[in-house]
Ligand code: ARG
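Right under this line is the structure:
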């Protein structure tokens, strides 16, 4: 009985999940989901268009697939659900490929690597990362920063906010002692509030970014990875990287 039951479950789970590549090519449009509050990866410009490193990379992907690109902005936390529900084909949103998430989405190869670190209020008394335990730590809901803060700082009071900007503001005003987030964001927030914040530049977790598609769509993952290989090999990646980060990409 066990075998047929498992087969039924497998069929049910897969039912309705057409291979993404087929859908995209037929539609002639690749629909990418992102939360545009994460410069330089994705943000809204003055015209309200979603722009950034991820979006330029997605444009190249669409071009390689021979389709148009449509970008859907939505809260970061809702991206996996939108993907599962078929509203989007792909998540490109500075998303860290972490094992927990790989249970609900399938990740491409890595296209950027960073770490988590802390933005702290100047009056917080935090000199090194370990001092943050027992303090008030702002976290953005649904992000790796929130998960890692919970694991690392067991005695801390976590203050969750849906928006990154709110987390940084809490620290700048001293309502929170610290904010744990991706390093490039932490550096940017410190630059905006140099008098009231400091960066504790200790890497607290590795954050490899990848694109995410529907769980188990191995064909699409293969296509994403062959795109990434070509994109790196022909120099487009290095060019984009320099444009956004002002330096050549790290050697691999
Ligand atoms: N890298 C972090 C994570 O995966 C934060 C990503 C936030 N991205 C965004 N577009 N808002 O949880």
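Residue numbers (my numbering): 275 to 526.
Where is the CB? At the ideal position from N, CA and C, for every residue including glycine.
- Boundaries of the beta strand (DSSP E) around residue 303: 303 to 308.
- Exclusion of the five residues before and after residue 372 leaves 418 as the residues of its chain whose Cβ lies within less than 7 Å of its Cβ.
- In terms of Cβ geometry, residue 460 and residue 392 form a close pair [threshold 9 Å].
- In the DSSP secondary-structure assignment, residue 395 is bridged to 471.
- The bridge partners DSSP lists for residue 479 are 390.
- Of the candidates 321, 322, 334, 334 places its Cα closest to the Cα of residue 306.
- Separation of residue 400 and residue 394 (C-alpha to C-alpha, rounded to the nearest whole angstrom) is 7 Å.
- Take residue 298, set aside five residues on each side of it, and the residues of its chain with a beta-carbon closer than 7 Å to its own are 304, 339, 341, 363, in chain order.
- Between the alpha carbons of residue 293 and residue 489 lies a distance of about 11 Å.
- Each of 344, 409, 382 was checked against the Cα of residue 301, and the nearest Cα belongs to 344.
- Taking the Cβ of residue 468 as the reference point, every heavy atom of the ligand ARG lies at 8 Å or farther away.
- The Cβ atoms of residue 407 and residue 427 lie closer than 9 Å to each other.
- Residue 403 and residue 491 have their C-alpha atoms some 39 Å from each other.
- Close CB contacts of residue 382 within its chain, under the 7 Å cut and outside five residues either way in sequence, are with 484, 485, 495, 498, 499, 502 (chain order).
- By alpha-carbon distance to residue 378, the top candidate from 465, 429, 353 is 353.
- Under the three-state reduction of DSSP output, residue 321 falls in the coil class, being neither helix nor strand.
- A Cβ-Cβ contact shorter than 9 Å links residue 389 with residue 481.
- In this structure, the alpha-carbon of residue 349 lies about 23 Å from that of residue 450.
- Shown here for residue 518: same chain residues with a beta carbon closer than 7 Å to its own, the five before and five after excluded, namely 314, 327 in chain order.
- Within the segment 369 to 455, the runs of beta strand (DSSP E) at least 3 residues long that lie entirely inside it are, in chain order, 379 to 395, 410 to 414, 431 to 435.
- With fewer than 16 other Cβ atoms from the protein chains shown falling within 10 Å of its own Cβ, residue 296 counts as exposed.
- In this chain, the alpha helix (DSSP H) harbouring residue 460 covers 457 to 466.
- Cβ-Cβ distances below 7 Å link residue 409 to 398, 400, 430, 451, 452 in the same chain, with the five nearest sequence neighbours on each side left out; the list follows chain order.
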